[in-house]
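>
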Amino acid sequence: MERGNFRSKLGIILATAGSAVGLGNVWRFPYMVGENGGAAFILIYIGCILVLGVPGMVSEFIVGRHAQANAARAYDKLSGGRPWRWVGYLGILTSTIILGFYAVVAGWCLQYLYAALVGHVNGSADYVRQYFVNFSTHPWKPVLWGVAFVLVTHVVVARGVQKGIERVSRLLMPILLLLLFILVVASCMLPGAMEGVRFLLMPDFSKLSSSVLLDALGQAFFSLSLGTACLCTYASYFKKETNLTASAGQIAVLDTGIAILSGLMIFPAAAAVGVSPDSGPSLIFITLPNVFTQAFTPAIGYVVSIMFYALMVFAALTSTISMHEIGTAFFTEELKQPRNRSAWILTTVASVLCVFCALSVGAVDIRLMGFSLMDFCDLLTANFMLPLGSMLTCLFVGWYIPKKVVVSELTNDGTLHMPTLLQRYFLLTVRVVCPLLIALIMLHQTGII
Ligand code: TRP
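Going by the numbering used here, the sequence shown runs without a break in its numbering and finishes at 443.
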């Protein structure tokens, strides 16, 4: 069967960056920063990206582009059919779980975009809080919006790699960047905004604890879309000439830059109306609508709120597309089904999970180990499954596939120059540094050491 491919270099970067840039940047990163002491958390986060994230990304790229196959088959192909295929299965499972709970928050954003358009999100602080509580615990509204989001994702993925994924990313990513810049400027110009900028840029190390390390690590993996073979699947559509190391660097810079810009959009605005930045996951849905009504004139507040929720929806969509594609590519190639039909398998599974996650937020008491199903899925994937998947990929690339293959992928068969020192550094990190650090952090968190 003919495999899809990204058409252009820009398409490759925008689609992969589209996967990386998502609610992880605009929703999860700011509230994590708010809860974990501002700039101090950011510094640790950047450390995780540089030391573990970029080598992890390059590793997934190597597996995907070399094998030119879906996640499970890629590991299989490079290992001659040994149990490494299970790393691919783990990735497909993880990304489907993520899609299930991610679609709930993406659905909230879609609903808020609609509410912003019809002017429903403005009112007193109490009204805004009650609005969020009523909506998120409603028995069917969040369910419908979440499933709607999965269906929109389905439509894009079913159209294929070039006509669906690449085209949508090329359209939405530039709009997203433009909206972000406008909103950062609007937020930083508000009176009293400097307090928020200071919070974001001045480290307060007293808030740091060991769990911050795992949070930063989980957030780094989540934000780069690492550890679920998502990047491996996308890399299987890369061109022979794509420079894997440079692309990983560019995407990491873009992703981290956008996360920090999101902080610069949110914290100064929150500071301007005197709201504390550590209000957790509801920051975007309770704190910000207050900002829109209190800090701006009604007309500007209306436009700004629409721009903001449109940005959230766009960011979320290019990410859900990538989670969906991992499973869709797998079913298409393994079951030899037409793309549309395999996309339906994934849409069905993700929608069912999305329904239960959405209900667990308030309407129905669905708990696992003391957490609501929604929080459980988030913690389980970000803090355990992603680091595990990434650790296994590093071990696989470092120890298992022949060094010749690794070097040939890094240098595009010798046509690209890559200093030997850099090659050695890469091998050392994926063989020893990444697996060891990830294992230590995970063991520490589970209380074993
Ligand atoms: N990186 C995305 C974000 O920041 C989320 C995401 C997309 C993801 N694809 C993934 C996370 C695969 C883990 C694995 O919002």
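Cβ coordinates follow ideal geometry from the N, Cα and C atoms, glycine included.
When burial is assigned at 16 or more other CB atoms within 10 Å of the CB, is residue 31 buried or exposed?
The residue is buried, with at least 16 neighbouring Cβ atoms inside 10 Å.
> Would you list, in sequence order, the uninterrupted alpha helix (DSSP H) runs of no fewer than 4 residues that lie entirely inside the region 76 to 139?
Whole alpha helix (DSSP H) segments, 4+ residues: 79 to 111 and 119 to 130.
> Could you spell out where the alpha helix (DSSP H) holding residue 21 opens and where it closes?
That residue, residue 21, is in no alpha helix (DSSP H); it is neither H nor E in DSSP.
> Is residue 430 buried or exposed, if buried means 16 or more other CB atoms sit within 10 Å of its CB?
So residue 430 counts as exposed.
> Can you list, in chain order, the residues of its chain whose CB lies under 7 Å from that of residue 243, leaving out five sequence neighbours each side?
The answer, listed in chain order, is 48.
> Comparing alpha-carbon positions, which option in 103, 112 and 62 lies nearest residue 0?
Residue 62 is the option with its Cα nearest to residue 0.
> If you measure from the CB of residue 14, is any heavy atom of the ligand TRP nearer than 7 Å?
Answer for residue 14: yes, Cβ within range of the ligand TRP.
> Contact defined as beta carbons within less than 8 Å: I believe residue 404 pairs with residue 238. What is the distance between those atoms, to the nearest angstrom?
6 Å between Cβ atoms; contact.
> Comparing the CB of residue 380 with every heavy atom of the ligand TRP, is any distance shorter than 7 Å?
Yes - the ligand TRP has a heavy atom lying nearer than 7 Å to the Cβ of residue 380.
> By the 10 Å Cβ neighbour count, where 16 or more other Cβ atoms means buried, how is residue 442 classified, buried or exposed?
Result: exposed.
> Report buried or exposed for residue 105, applying the criterion of at least 16 other Cβ atoms within 10 angstroms of its Cβ.
With 16 or more other Cβ atoms within 10 Å, it is buried.
> Can you tell me where the alpha helix (DSSP H) with residue 338 in it begins and where it stops?
Unbroken alpha helix (DSSP H) run through residue 338: 333 to 354.
> On the criterion of 16 or more Cβ atoms from any shown chain inside 10 Å, does residue 358 qualify as buried, or is it exposed?
Residue 358 is exposed by the Cβ-count criterion.
> Express the C-alpha separation of residue 396 and residue 361 in angstroms, rounding to a whole number.
Roughly 45 Å between the two C-alpha positions.
> Out of curiosity, what's the CA-to-CA distance linking residue 413 and residue 301?
Going from the Cα of residue 413 to the Cα of residue 301 covers about 45 Å.
> I want to check one thing, is the minimum distance from the CB of residue 17 to the heavy atoms of the ligand TRP below 7 Å?
Yes, the Cβ of residue 17 comes within 7 Å of a heavy atom of the ligand TRP.
> Measuring only from the beta carbon, is residue 51 closer than 7 Å to any heavy atom that is part of the ligand TRP?
Because no heavy atom of the ligand TRP lies under 7 Å away, the Cβ of residue 51 does not count as near it: no.
> Of the choices 383, 408, 418 and 5, whose alpha-carbon is the least far from that of residue 69?
The option with the nearest alpha carbon to residue 69 is 383.
> Start and end of the alpha helix (DSSP H) containing residue 248?
238 to 266 is the span of the alpha helix (DSSP H), which, as asked, contains residue 248.
> Which ranges does the beta strand (DSSP E) cover as unbroken runs of at least 3 residues, wholly within the region 356 to 408, from first to last along the chain?
Counting only runs of 3 or more, we get nothing.
> Can you tell me which of the three DSSP states residue 185 falls into?
Looking at residue 185 - three-state DSSP - the assignment turns out to be coil, as it is neither helix nor strand.
> Look up residue 197 in the DSSP assignment and give the residues it is bridged to.
Paired residue(s): 32.
> Does the ligand TRP have even one heavy atom less than 7 Å from the beta-carbon of residue 363?
Not under cutoff, so the answer is no.
> Compare the Cα-Cα distances from residue 84 to each of 71, 46, 211 and 380 and report the closest residue.
Comparing Cα-Cα distances from residue 84 to each of 71, 46, 211 and 380, the minimum goes to 380.
> Within the same chain, show all residues whose beta-carbon is closer than 8 Å to that of residue 111, passing over the 5 residues directly before and after it, in chain order.
These residues qualify, in order along the chain: 300.
> Using 7 Å as the cut-off, classify the Cβ of residue 176 as near or not near the heavy atoms of the ligand TRP, replying yes or no.
It does not: the Cβ of residue 176 is nowhere closer than 7 Å to a heavy atom of the ligand TRP.
> Helix, strand or coil, according to DSSP, for residue 231 in the structure here?
DSSP places residue 231 in coil when its eight states are reduced to three.
> Can the beta-carbon of residue 143 be found closer than 8 Å to that of residue 326?
Result no, Cβ atoms of residue 143 and residue 326 do not sit closer than 8 Å.
> Would you check if the region 206 to 221 and the region 38 to 45 touch, i.e. whether three or more CB-CB distances between them fall below 8 Å?
At 8 Å Cβ cutoff, the stretches touch.
> Okay, do the region 185 to 194 and the region 254 to 261 touch, 3+ Cβ pairs below 8 Å being the bar?
The region 185 to 194 is in contact with the region 254 to 261.
> Please work out which residues of its chain come closer than 7 Å, Cβ to Cβ, to residue 505, disregarding the five sequence neighbours upstream and downstream, and give them in chain order.
No information on residue 505 is available, as it lies outside the stretch -5 to 443 that the chain covers here.
> Considering only residues of the same chain and omitting the five flanking positions on each side of residue 97, which have a CB-CB separation below 7 Å?
If we look at residue 97 and ignore the five residues flanking it on each side, its Cβ neighbours are 140, 143, 144, 314, 344 and 348.
> Buried or exposed: which applies to residue 116, given that a residue is buried once 16 or more other Cβ atoms fall within 10 Å of its Cβ?
So residue 116 ends up on the buried side.
> Less than 8 Å between the beta carbons of residue 249 and residue 282, yes or no?
No, the Cβ-Cβ distance between residue 249 and residue 282 is not below 8 Å.
> Is residue 373 near residue 81, with beta carbons less than 8 Å apart?
Result no, Cβ atoms of residue 373 and residue 81 do not sit closer than 8 Å.
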